[in-house]
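FYI, the numbering for the sequence shown is 68 to 153, going by the working numbering. Working notes, structure below.
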Amino acid sequence: MENDRNNKELIKNEIAEVMDKLFNIQIDEESLDEPLLGKRLKLTARDLVYLYFEIKNIWNINISEESIISGKFHTINSIITLIQEN
68 MENDRNNKEL
78 IKNEIAEVMD
88 KLFNIQIDEE
98 SLDEPLLGKR
108 LKLTARDLVY
118 LYFEIKNIWN
128 INISEESIIS
138 GKFHTINSII
148 TLIQEN
């Protein structure tokens, strides 16, 4: 997946597949900026850990604690940006 990091659509589709596979959640355009822990997507803290490791493994990236604390792992769009920056 390393070569696809600049293609936002491919990243979005891959994250959508992960969300469906892990949590049975379908991602649409409206949910891209919804908080992962919010009322719409309703992920739990444990779900975020699973998502974190899945993203890390798929794109072979390191996601720093600072990135998570600063909100870069807060929405689907913020995760897409995080992947593109790594």
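Heads up, the beta-carbon is just placed ideally off N, CA and C, and yes, glycines get one too.
Residue i (DSSP reduced to helix, strand or coil)
i      : result
Leu103 : coil
Leu89  : helix
Asp114 : helix
Leu149 : helix
Per-residue burial, residue i [other beta carbons within 10 Å of its own, 16 or more giving buried]
i      : result
Glu81  : buried
Leu149 : buried
Ile136 : exposed
Contact set for residue i: own chain, Cβ-Cβ below 7 Å, skip 5 residues either direction
i      : result
Ile146 : Ile82, Ile122 and Phe140
Backbone CA spacing between residue i and residue j [nearest angstrom]
i      : j      : result
Glu30  : Asn153 : The structure shown does not extend to residue 30, since the chain is modelled only from 68 through 153, so no value can be given for it.
Leu23  : Asn127 : Given a span of 68 to 153 for the chain in the structure shown, any question on residue 23 remains unanswerable.
Leu115 : Gly138 : 13 Å
Tyr117 : Thr111 : 10 Å
Asn74  : Gln151 : 8 Å
Proximal residues to residue i (C-beta, below 6 Å), its chain only, five neighbours per side dropped
i      : result
Tyr119 : none
Sequence-distant residues of its chain with Cβ nearer than 8 Å to residue i (five each side left out)
i      : result
Ser134 : Phe140 and Leu149
Thr142 : Leu99, Asp100, Glu101, Pro102 and Leu103
Residue i: CB within 7 Å of a non-hydrogen atom of the ligand FAD
i      : result
Ser137 : The ligand FAD is absent from the structure shown, which contains no ligand whatsoever.
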